[in-house]
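Add 19 to a position in the sequence shown, counting from 1, and you land on the number used in the numbering used here.
From the three backbone atoms N, C-alpha and C, an ideal C-beta is built for every residue, glycine too.
In what follows, a single structure is set out as structure tokens and then discussed.
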Amino acid sequence: MGYRTILVGTDGSDTAAIALRKATALAKRCSAQLLIVSAHGSGRVSKELAPAILHDARQLVRDRGVETATVMREGDPSEVLLDVAEIRGADLIVLGNVGMGRAARFRLGGIPDQVAHSAPTDLLIVDTTNHPEREERADEAHRTILVGTDGSPTATEAARKGFEIAEIIGAAVTLVYVGDPIVGAIALEETVKGRPGEADVQTRIVEGDPAEKIIEVARSERIDLILVGNKGMAGPRRFLLGSVPNKVAHSAPTDVLIAAAAEARELAVLHDDAHFDLIAEVTGQEVVRLP
20 MGYRTILVGT DGSDTAAIAL RKATALAKRC SAQLLIVSAH GSGRVSKELA PAILHDARQL
80 VRDRGVETAT VMREGDPSEV LLDVAEIRGA DLIVLGNVGM GRAARFRLGG IPDQVAHSAP
140 TDLLIVDTTN HPEREERADE AHRTILVGTD GSPTATEAAR KGFEIAEIIG AAVTLVYVGD
200 PIVGAIALEE TVKGRPGEAD VQTRIVEGDP AEKIIEVARS ERIDLILVGN KGMAGPRRFL
260 LGSVPNKVAH SAPTDVLIAA AAEARELAVL HDDAHFDLIA EVTGQEVVRL P
């Protein structure tokens, strides 16, 4: 599996740089193209500044041996990221959890929050709040992945994605079931049995609030990445993001990968041709409008 096109948003801030480096490390492991996007005119980035931000970001990525392309577009950052991801067929969007918008709500800033609730594709939210530690490890792939499951089809799909990513980046997996121990034992056994590859998997069964317990296990076991499906897990949907992944995204002490269910990906609405005229790709010193 893996990702083929990874999109990362940047505004040139220090926290966006950490997300860029983490996205680069993942793109290198997946042999994916990294698409760097900067929105201007509606936030801290001006039209004049955007090309320089993208030039510096592109150079960093290329220096690490990753194929890259850059896109700038005028508009609201969250809308730009979602539109470009859809038009360019991105498999994954990467954002820092703070630093690209309004004041943080819990631990998640305005733009990542908006993207999380609307993205029809996977979303990696990079924790950039603990600068010294995060900056030191920004160029490393995740070493441990916690996958939350309740045995539902969408959670099982997310778990499968977690196993596949773990195989690619060489990470160990902790599979966590929150709920009845007897049901949990069966669900975990079936989930592990159906995993692709031979990823190292540990299982945990805990009882309580699903989001709180997932975060608790992640904190106690010093997990690098939490992976949850974007819906399901005993919570009503809020836009495309269920209540449990919503709470995890806002409160987790580490990076969070929200895996889009196939149903959510199918709900993506294709934009008409007029949108293509609004996107400009920076190539060298020249800005070329895409057809």
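Three-state secondary structure (DSSP) of residue i
| i | result |
| --- | --- |
| L269 | Residue identity check: residue 269 is His in the sequence provided, not Leu. If DSSP states are grouped into helix, strand and coil, H269 belongs with the helices. |
| S97 | helix |
| R223 | strand |
| D158 | coil |
| V85 | coil |
| D274 | strand |
| S57 | strand |
| T24 | strand |
| D110 | coil |
| I187 | helix |
| R92 | strand |
| G248 | strand |
| D132 | helix |
| V202 | helix |
| D102 | helix |
| T175 | helix |
| I144 | strand |
| V117 | coil |
| L39 | helix |
| L259 | In this prediction, L259 scores a pLDDT of 39, lower than 50, which makes its location untrustworthy; no coordinate-derived value is stated. |
| G181 | helix |
| I242 | coil |
| L45 | helix |
| V236 | helix |
| L165 | strand |
From the options, residue whose alpha carbon lies closest to that of residue i
| i | options | result |
| --- | --- | --- |
| L100 | E67, V64, A138, D82 | A138 |
| P229 | K266, V220, K212 | K266 |
| H74 | A268, S50, V275, A36 | A36 |
| P96 | L207, L111, S270, A69 | A69 |
| I130 | H161, S61, I234, R238 | S61 |
| L79 | I106, H59, E98, A44 | A44 |
| A160 | G189, T175, E240, R83 | G189 |
| I277 | R238, S239, V202, A177 | A177 |
| R81 | T168, S65, R40 | R40 |
| T29 | R92, A51, V220, D141 | R92 |
| T140 | R83, E105, A157 | E105 |
| A268 | A46, V220, D158, V134 | V134 |
| R3 | V90, A51, D33 | Past the edges of the chain, shown from 20 to 310, lies residue 3, and the structure says nothing about it. |
| A46 | L143, V202, E240 | L143 |
Cβ-based neighbour list, residue i, same chain, cut-off 6 Å, excluding 5 preceding and 5 following
| i | result |
| --- | --- |
| A218 | F182, A185, E186, V192 |
| G31 | I72 |
| D274 | V145, D146, L244 |
| G170 | A206 |
Contacting residues, own chain, Cβ-Cβ under 7 Å from residue i (five flanking each side not counted)
| i | result |
| --- | --- |
| A38 | V27, V113, L114, G115, V145, T147 |
| C49 | G21, Y22, I187 |
| T34 | G115, V117, G118, T147 |
Closer than 9 Å to chain D by CB, residue i
| i | result |
| --- | --- |
| N249 | Annotation note: the requested chain D is absent from the structure, which comprises a single protein chain. |
Distance, residue j Cα to residue i Cα
| i | j | result |
| --- | --- | --- |
| T163 | R77 | 28 Å |
| L309 | T222 | Below a pLDDT of 50, predicted positions are generally treated as unreliable, and L309, at 40, falls in that range; the measurement from the model is reported next regardless. When rounded, the distance between both Cα atoms is 48 Å. |
| G248 | A279 | 6 Å |
| G108 | I55 | 13 Å |
| E213 | A206 | Per the sequence presented here, residue 213 reads as Gly, with Glu not at that position. The straight-line gap from Cα to Cα measures roughly 11 Å. |
| V166 | E67 | 42 Å |
| L53 | I242 | 25 Å |
| T210 | A271 | 24 Å |
| E235 | V195 | 11 Å |
| H136 | E86 | 29 Å |
| A204 | D132 | 34 Å |
| P215 | I224 | 22 Å |
| Q304 | P172 | With a pLDDT of only 35 at Q304, under 50, the local geometry of the prediction cannot be trusted, and the value read off the model is given with reservation. C-alpha separation (whole angstroms): 48 Å. |
| D110 | T24 | 6 Å |
| A58 | D102 | 11 Å |
| E208 | T168 | 12 Å |
| V220 | K180 | 13 Å |
| V117 | V64 | 16 Å |
| T89 | A157 | 21 Å |
| A42 | E98 | 20 Å |
| A174 | E240 | 21 Å |
| G94 | V202 | 48 Å |
Neighbourhood of residue i by C-beta distance below 8 Å, restricted to the same chain and skipping five residues each side
| i | result |
| --- | --- |
| E226 | V197, G198, D199, P200, K232 |
| A237 | L165, I245, A271, P272, T273 |
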